[in-house]
Amino acid sequence: MEDDYVKDEVIYDGSISLPKKANKSQSSSKAYPLNLKGKYITLNLIIKIYCDPDYLIPDCAKYCVPRNDSKGHFACDYEHGRKVCLPGWFGVDTDCTKYCLSQNNEQSHYNCSETGEKLCLNNWYGDNCTVYCDELSNQTFYCNKTTGRKICQPNWFGINCSTYCKTHNDSTGYFHCNITSGLKVCNPHWYGSNCTKYCREQNETNGHYFCQKPHGFKICHPGWYGIFCTVSCKQENDSNAYYSCNKTSGLKVCYQHWYGANCNVYCKEQSHSSGHYLCNNVTGGKICQKYWYGLNCDVYCKEQSNSNGHYFCNNVTGRKICHQCWYGPNCDVYCKEQFSGHYLCNNVTGGKICQRYWYGPNCDVYCKEQSSGHYLCNNVTGGKICQRYWYGPNCDVYCKEQSSGHYLCNNVTGGKICHQYWYGPNCDDYCKEQSSGHYLCNTVTGGKICQQHWYGPNCDVYCKEQSSGHYSCNNETGGKMCQQHRYGPNCGVYCKEQSNSNGHYLCSNVTGGKICHQYWYGPNCDVYCKEQFSGHYLCNNVTGGKICQQYWYGIKCDVYCKEQSNSSGNYLCNNVTGGKICHQYWYGPNCDEYCKEQSNSSGHYLCNNVTGGKICQRYWHGPNCDEYCKEQSNSSGHYLCNNVTGGKICHQYWYGINCYVYCKEQSNSSGNYLCNNVTGRKICQQDWYGPNCVAYCKEQSNSSGHYLCNNVTGETICQQCWHGPNCDVYCKEHSSGHYFCNNVTGGKICHQYWYGPNCDDYCKEQSSGHYLCNNVTGRKICHQYWYGPNCDAYCKEQSNSSGKYLCNNVTGGKICQQYWYGPNCDVYCKKQSNSSGHYSCYNNGSKVCRPNWFGKNCSNFCKEENTGHYDCNKTTGFKICHKNWYGSNCDIYCNDVGRNYICNISTGEKTCWSHWYGNNCSKYCNEKDDGMGHYLCSTTTGSKMCLMHWYGINCTNYCKKKNNTNGHYSCQKPDGLRICHPGWYGLNCTTYCKAKNDGMGHYLCHNTTGLKICREHWYGVNCTKYCRKQNDTNGHYFCHKPNGLKLCYPGWYGINCTVYCKEQSGANGHYSCNKRTGVRVCYRYWYGYDCTVYCKEESNVTDTYFCNKKTGMKICHSNWFGPSCTTFCKNTDDDSGHYFCNETSGSKICRARWYGNNCDKHCKEDIFQNSCKNIEETSGDDSSGVKINSMWFIIG
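Position one of the sequence shown corresponds to residue 216 (our numbering), numbered consecutively onward.
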């Protein structure tokens, strides 16, 4: 203002003094005349100074209106310019709102000060002086001068400080004093009247218990027992276990007859047929009585080495384990395999298992069935079982009793036993002594022994030499024996032998007739004829002319020809030369080539006149010239013709019947295939498909896809619920879903009103709504100014006094413009970080102080530090110390609540309770020498010092080292655990065990019990049984625990489980398996190696065979033939037929010149010279004859 006026305009430039005190009103005010004289003007003024109504002198600065209500209790002294409090009210500066009226009655005891403060009477304290405290009457407390509260002297507590308590933290106790009552408050985990019982709740490996108040006894959680509740036990009485729990130790107390760690082993002592055993008190294992073994001790076994057996007993099963070379259930069968013997020993029975071809009890009988022999071998003895009609030790003596014979057959030797009067090797010599005869019978040969002068086979020739004759008598025949050159019945014929041109003969000893030398014939034996080994003729005994044998022709009978009409040939024989005359259409040297010229579907050929070979016409090939082939290299085919078969030989890369299929193997973009050598069809390589194998497809069932491949096209065939080109789109229609699946793409086709990738978004346009539905997602498309999931939120942008906001495009919520807040964005707030304040803005526009700033404008700083122990007043920012922290910086800590000490009110120093020790009074110790412990307490640390022989945390474990029968151990410090001497184990170190790995055993010792722990692959009581499981060519078994016996896997047998056998009852066989050896044991009626041959012997009139016990082949009884011995045939040569039997089929084979079904039709003439005129009429299909050119040839 000083620079805004001109100096010449000033009226008065000076100062005046006004009175210091105004008048209380205008009427009573004093007037002050004032003359102001300027350069050009003079101003005369009258000034009155007075206060406005209700304002107080002297400066009219204080407003005052008398009142007597909740806002004040005063009158106004306008004369003196002050407020005057009404009686009983004080505090002019606070409108006399402080009330004080002196009292000395039951309610209060005070006078009032000038300011209205209550001045308590002597020994009365508190806001209203209602608290009485006389600190001189008692030395246990003093009085708080403000509150009158009794402040107890150290170690005194209670309302009247009459309770003495001194914090202890030693053996006398571990407690502090309740700062109010003075009662002993046990430190954490300490209990009892003097807090000498330590107990800390646990629920982990160190224990499971809580602590009983007030004594501190450990109360185990349900199911936990023992001193420290570390033993878990839950009473069981079901299939899993049978026990109760010891209430003290928690050990499982098994019910009667139940044993084992979990009382799940049942054992009741027995001594009868069910078993003979006691029960192990710990494990419940059955302890068998002497000589009893097995799981149930029901197997009796007593070691023997005498006539009762040779065995010892398996310690586990009681099974008899035979001594070497002894076998059988009782090990009383001796069997030792011999190098020179022919047998093995049956591992079970000890029976000798003979090697092939050896039989008998000792397998010393050799027998091998021979194809040339006539016997089978007895499966037991090895004795030869002769076939029918064969006898003798080697069944090489044939003997068949004949109806026409005169003997029986010796059942042993096969020798013929002659009927009465029959003699000789074949009993075909009849001899019966006759009273009218002249002989006796030789008892061996049956030959007749003639009487004197009687000779001859029948001793019916009488001969008596005569002096007048020319003979003597033959001793055998009785014939007359002529003198030299004399012959004839009476030796009256003369004859002298010749060998010259006169003849070549001897003289008949009987008649004297000429007997030609060998090869000489005729009356005088002068015609030469010698039958040749290489010739095929006889000599006419009379003339010496050559007589050709049957089927031989020509002058020298050296041409063989036998008329044929079968596979051997089809011809007649020239009666003179023997040349073969072929039937029509038959050719070749033997007329065995059939050929009939053809030019039809049967063939296209001529016949070679000599060989009968087919001469194919042009373009015809093959054995029958029925294969047409004309070389092609055009659309009809690409091939040559095989000159022999006529088969088409395709050109390279051409295939198929007519070689019109082209195929060249490819492995590139043109294709991936091989060619079928026959059809030329393309054989796609693995994972390639299609006509040209260009479609690649590999079956997948992973993230790449879920499909099979079409075997023809290679197209992917999606697995169920998988779709799309790669079958990688999963879609499965659900009754709970709202879609069905597109069969091609797998895309979900939503039902009406359902949208979205999974059709789980429902949207139906409503007439009452404010939206449309998106055809793809089903999302609601809101109308203008409508928002939200259901388009039910209305919002229109504003920028005026109604608000300053935009609209959220999704929710429709109002988005306030910068610095504007509140539901309608009408509250302004801009964040600050300067002297004006330190705050940001809350969503509603209210100021939010930055961290550590407080006050109306967030201008007061207070930071709560991790190292500090105070909070900040959230309104003012002042520091408020945490509980138990003291000092201006709250850095002195002392908390005696629930502790083993109390805090000094002045210093915060910790004073331990009785029985508590240590810097923090955290060590409890109460000397004991009873069931709770045996120790003294360290006066410094409070540590327990165990008495002699006592150990452990509470010195409750007694241990005194020993080295005698009661134990072998020392005592471990500090827990007193028994430390067994080397080699000793068990609770009391009374079990001795030393690890071994030699012939005495292979085991380690259990660290706790000392029980023997067998090394890998060793078993048995002393771990001397070796067993290593196998599942390869060396065996297929695992090892039985605990004895190490080999237990074969299913289907494997034998000592080392190397024999595989699976019981069969079907096409693969019919047998069970020997449980020890694995040898196949055929079911009844089944035979052969695989028991696949069925044979059942009949025991009735239809019995026609017996079964070979090894092969199961049917061995037909006499006169029965065929695979099943169902064809009956008996060699016959009588009126019923003339035939013998085919040894295989039993079909009838007619004898020479007999034919017909039963060979009972006869052809009397020699059909090989002339037609058989007397053959009866027969049909053309009679298998007994063949008709050729109207001539019948009977096949003998």
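Don't be surprised by glycine CBs; every beta carbon is placed ideally from N, CA and C.
Check your understanding: Exposed or buried, which one is residue 1350 when buried takes at least 16 other CB atoms within 10 Å?
Key -> Within the sequence shown, residue 1350 is the residue found at index 1135, counting from 1. Residue 1350 comes out exposed.
Exercise for review: Confirm, please, whether the CB-CB distance from residue 992 to residue 976 is below 8 Å.
Suggested key: Against the sequence shown, residue 976 aligns to sequence position 761. Against the sequence shown, residue 992 aligns to sequence position 777. Taking 8 Å as the Cβ cut-off, residue 976 and residue 992 qualify as a contacting pair.
Point to revise | Per-residue DSSP class, three states only, for residue 308 | key: Residue 308 sits at position 93 when you count from the first residue of the sequence shown. Reduced to three states, the DSSP call for residue 308 is helix.
Check your understanding: Is residue 1092 helix, strand or coil by DSSP?
Key -> Numbered from 1 along the sequence shown, position 877 holds the residue referred to as residue 1092. The answer is coil: DSSP assigns residue 1092 none of H, G, I, E or B.
Practice item. Note down, in chain order, each residue of its chain lying with its Cβ closer than 6 Å to the Cβ of residue 1393, except the 5 sequence neighbours on either side. Key: As a first step, residue 1393 is located in the sequence shown; it is residue number 1178 there, counting from the start. Note that residue 1393 scores a pLDDT of 38, beneath 50, so its modelled location is shaky and nothing firm can be said.
Check your understanding: Buried or exposed: which applies to residue 1111, given that a residue is buried once 16 or more other Cβ atoms fall within 10 Å of its Cβ?
Key -> Within the sequence shown, the letter at position 896 stands for residue 1111. With 16 or more Cβ atoms within 10 Å of its Cβ, residue 1111 is classed as buried.
Exercise for review: Report the residue from 1147, 580, 1140 and 1265 whose alpha carbon sits nearest the alpha carbon of residue 595.
Suggested key: Counted from its first residue, the sequence shown places residue 595 at position 380. When each option's Cα is compared against that of residue 595, the closest is 580.
Check your understanding: Does DSSP put residue 550 in a helix, a strand or coil?
Key -> Counting from 1 along the sequence shown, the entry for residue 550 is found at position 335. Here residue 550 sits in coil by DSSP.
**Study point:** Unbroken beta strand (DSSP E) run spanning residue 1160, endpoints
**Key:** In the sequence shown, residue 1160 corresponds to position 945, counting from 1. First-last of the beta strand (DSSP E) with residue 1160: 1159-1161.
Check your understanding: Under the DSSP definition of a beta bridge, which residues are partnered with residue 442?
Key -> Counting from 1 along the sequence shown, the entry for residue 442 is found at position 227. Looking at the DSSP assignment, residue 442 forms no beta bridge with any residue, so it has no partner.
Point to revise | Enclosing beta strand (DSSP E) for residue 398 [first to last residue] | key: Reading the sequence shown from its first residue, position 183 is the one you call residue 398. Unbroken run through residue 398: none, as it is neither H nor E.
Check your understanding: Going straight from the alpha carbon of residue 291 to that of residue 277, what length do you get?
Key -> One-based indexing of the sequence shown puts residue 291 at position 76. One-based indexing of the sequence shown puts residue 277 at position 62. Looking at the two C-alpha atoms, the distance is approximately 11 Å.
Practice item. Say whether chain C places a C-beta atom closer than 8 Å to the C-beta of residue 410. Key: Here there is only one protein chain, and chain C is not present.
Practice item. Could you name the residues that DSSP lists as bridge partners for residue 494? Key: Here residue 494 refers to the residue found at position 279 when the sequence shown is read from its first residue. Answer is 501.
Review point. How long is the line joining the alpha carbons of residue 809 and residue 837, rounded to whole angstroms?
Key: If you number the sequence shown from 1, residue 809 lands on position 594. If you number the sequence shown from 1, residue 837 lands on position 622. The alpha-carbon atoms of residue 809 and residue 837 are separated by roughly 16 Å.
**Study point:** Sequence ranges, beta strand (DSSP E) only - wholly within the segment 1132-1210, length at least 3
**Key:** 1143-1145, 1148-1152, 1159-1161, 1177-1179, 1182-1186 and 1193-1195
Point to revise | Cβ-based burial, residue 1282 [other Cβ within 10 Å; buried from 16] | key: Indexing the sequence shown from 1 puts residue 1282 at position 1067. Answer is exposed; the Cβ neighbour count stays below 16.
Exercise for review: Identify which residue in 765, 1242 and 1217 has its Cα closest to the Cα of residue 1230.
Suggested key: In the sequence shown, residue 1230 corresponds to position 1015, counting from 1. For residue 1230, the nearest C-alpha among the options comes from 1217.
Practice item. With DSSP as the reference, label residue 1064 as helix, strand or coil. Key: The residue given as residue 1064 occupies position 849 in the sequence shown. Here residue 1064 sits in strand by DSSP.
Check your understanding: Thinking C-beta only, is residue 1306 closer than 8 Å to residue 1293?
Key -> Residue 1293 sits at position 1078 when you count from the first residue of the sequence shown. Residue 1306 sits at position 1091 when you count from the first residue of the sequence shown. No, they are not a contact pair.
**Study point:** Whole alpha helix (DSSP H) elements within the segment 333-392, 4-residue minimum
**Key:** none
Point to revise | Ranges of the beta strand (DSSP E) found wholly within the segment 1291-1358, counting only runs of at least 3 | key: 1295-1297, 1320-1322, 1329-1331, 1347-1349 and 1352-1356
Check your understanding: Should residue 685 and residue 706 be called a contact, given that it needs their Cβ atoms to be closer than 8 Å?
Key -> The count along the sequence shown starts at 1 and reaches residue 685 at position 470. The count along the sequence shown starts at 1 and reaches residue 706 at position 491. Closer than 8 Å, so yes.
Check your understanding: Cα-Cα, which of 453, 814 and 807 is closest to residue 825?
Key -> Residue numbering aside, residue 825 sits at position 610 when the sequence shown is read from its first letter. The residue with the shortest Cα to Cα distance from residue 825 is 807.
Point to revise | Beta-bridge partners of residue 570, as assigned by DSSP | key: Position 355 of the sequence shown, counted from the start, is the residue given in the question as residue 570. Per DSSP, none; premise fails for residue 570.
Check your understanding: In whole angstroms, what is the alpha-carbon distance linking residue 539 and residue 520?
Key -> Locating residue 539 in the sequence shown gives position 324, where the first residue counts as 1. Locating residue 520 in the sequence shown gives position 305, where the first residue counts as 1. The straight-line gap from Cα to Cα measures roughly 12 Å.
**Study point:** residue 417 (DSSP reduced to helix, strand or coil)
**Key:** Looking up residue 417 in the sequence shown gives position 202. Of the three classes helix, strand and coil, the one that applies to residue 417 here is strand, per DSSP.
Point to revise | Spatial distance of residue 326 from residue 316 (CA atoms) | key: Counted from its first residue, the sequence shown places residue 326 at position 111. Counted from its first residue, the sequence shown places residue 316 at position 101. When rounded, the distance between both Cα atoms is 7 Å.
Point to revise | residue 282, DSSP secondary structure in three states | key: For the purposes of this step, residue 282 is taken as the residue at position 67 of the sequence shown. In the structure shown, residue 282 sits in a strand (DSSP, three-state: E or B).
Check your understanding: Would DSSP call residue 818 helix, strand or coil?
Key -> For this step, residue 818 is matched to residue 603 along the sequence shown. Looking at residue 818 - three-state DSSP - the assignment turns out to be strand.
Exercise for review: Could you spell out the range, first to last residue, of the beta strand (DSSP E) harbouring residue 1227?
Suggested key: Residue numbering aside, residue 1227 sits at position 1012 when the sequence shown is read from its first letter. 1227-1229 is the span of the beta strand (DSSP E), which, as asked, contains residue 1227.
Exercise for review: Output the distance between the C-alpha atoms of residue 1274 and residue 559, rounded to the nearest integer angstrom.
Suggested key: What you label residue 1274 is simply residue 1059 of the sequence shown in a count that begins at 1. What you label residue 559 is simply residue 344 of the sequence shown in a count that begins at 1. Spanning the two alpha carbons is a distance of roughly 17 Å.
Point to revise | 7 Å Cβ shell around residue 881 - same chain, five flanking residues per side excluded | key: As a first step, residue 881 must be located in the sequence shown, where it is residue number 666. The answer, listed in chain order, is 887 and 888.
**Study point:** C-alpha gap between residue 1082 and residue 1096, whole angstroms
**Key:** Stepping through the sequence shown from its first residue, residue 1082 is reached at position 867. Stepping through the sequence shown from its first residue, residue 1096 is reached at position 881. Approximately 13 Å between the Cα atoms of the pair.
**Study point:** Cβ neighbours of residue 1148 in the same chain (closer than 6 Å, five flanking residues each side left out)
**Key:** As a working note, residue 1148 is residue 933 in the sequence shown. Within the same chain, residue 1148 has close Cβ partners 1169, 1170 and 1171.
Review point. Which first and last residues belong to the beta strand (DSSP E) in which residue 248 is found?
Key: The residue you call residue 248 lines up with position 33 of the sequence shown. Its beta strand (DSSP E) spans residues 246-252.
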